[in-house]
Amino acid sequence: MTVRLRPHHLLCMLTFIGKGYTEAFTENYIRIAARLSAGEDIVVVEGPDDVCGPMLGEPGMHCLSESVTDRDLKASEAVEALLGVSAGPGASIRPSTDFLQRMRAAFAQGSIRDACERCEWSPLCTGIAISGFDDVLVVATAGPPPW
40 MTVRLRPHHL LCMLTFIGKG YTEAFTENYI RIAARLSAGE DIVVVEGPDD VCGPMLGEPG
100 MHCLSESVTD RDLKASEAVE ALLGVSAGPG ASIRPSTDFL QRMRAAFAQG SIRDACERCE
160 WSPLCTGIAI SGFDDVLVVA TAGPPPW
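At position 34 of the sequence shown (counting the first as 1) the number is 73 in the working numbering, and the numbers step up by one without a gap.
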């Protein structure tokens, strides 16, 4: 199986510690984090993904808004520049040790965070990065390179 993630969730997963918009959202994301930590591959999708699922019926759902679509574009460009591989819709990524280490190092340095501008979770994510990514739920797995 694969986990379907939109591009900006490639960044969000780096700092996910079990907090979210709703209880259903958080429980779903915890299950996704466990799947990623177990080594399931990621397929990058356009629009709502496995993380968005519980939010799709909510009033004021932002998953289809222009600002989120812009966030996805910025995230895919940043990840592509960092790793030198496609991170847009259709890309396949393995959340290996190397992938998470490189992504978290760049995230902590701020070099892949343009997509995080105006995100309500950005201050929390900054704190998690400053703490050395303590208590994150997506943990590195052994295995071949992520591409």
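Note that CB positions come from ideal geometry on N, CA and C, so glycine has one too.
| query | Over what stretch of residues does the beta strand (DSSP E) that includes residue 41 continue unbroken? | reply | For the purposes of this step, residue 41 is taken as residue 2 along the sequence shown, with counting starting at 1. Here the beta strand (DSSP E) through residue 41 covers 41 to 44.
| message | Closer than 8 Å is the cut-off here; do at least three beta carbon pairs connect the region 69 to 82 with the region 102 to 120? | response | no
| task | Look up residue 151 in the DSSP assignment and say whether it is helix, strand or coil. | result | Indexing the sequence shown from 1 puts residue 151 at position 112. Note: residue 151 maps to coil in three-state DSSP.
| message | I'd like to confirm the pairing. Which residues does DSSP put opposite residue 132 in its beta bridges? | response | Taking the first residue of the sequence shown as position 1, residue 132 is located at position 93. For residue 132, which the question treats as bridged, DSSP gives the partners 81.
| message | Excluding the 5 residues flanking residue 128 on each side, which residues of the same chain have their C-beta closer than 7 Å to its C-beta? | response | Taking the first residue of the sequence shown as 1, we reach residue 128 at position 89. Cβ neighbours of residue 128 beyond the five flanking positions: 83, 84, 85.
| task | Examine the ligand FAD and report whether any of its heavy atoms sits within less than 7 Å of the Cβ of residue 172. | result | The model on display carries no ligand, and the ligand FAD is accordingly not part of it.
| Are the region 139 to 151 and the region 87 to 97 touching by the rule of at least three beta carbon pairs closer than 8 Å? | no
| message | Tell me which residue opens and which closes the alpha helix (DSSP H) that residue 65 is part of. | response | Taking the first residue of the sequence shown as 1, we reach residue 65 at position 26. From DSSP, the alpha helix (DSSP H) with residue 65 extends over 62 to 76.
| field | Separation of residue 138 from residue 123, as counted between CA atoms | value | Start at 1 with the first residue of the sequence shown, and residue 123 comes out as number 84. Start at 1 with the first residue of the sequence shown, and residue 138 comes out as number 99. Answer to the nearest angstrom: the Cα atoms are 12 Å apart.
| query | Can you give the Cα-Cα distance for residue 166 and residue 130, rounded to whole angstroms? | reply | Taking the sequence shown and counting its residues from 1, the one referred to as residue 166 is at position 127. Taking the sequence shown and counting its residues from 1, the one referred to as residue 130 is at position 91. Whole-angstrom Cα-Cα distance: 29 Å.
| request: Look at the alpha carbon of residue 55 and the alpha carbon of residue 133, and state the distance between them as a whole number of angstroms. | output: For the purposes of this step, residue 55 is taken as the residue at position 16 of the sequence shown. For the purposes of this step, residue 133 is taken as the residue at position 94 of the sequence shown. Going from the Cα of residue 55 to the Cα of residue 133 covers about 17 Å.
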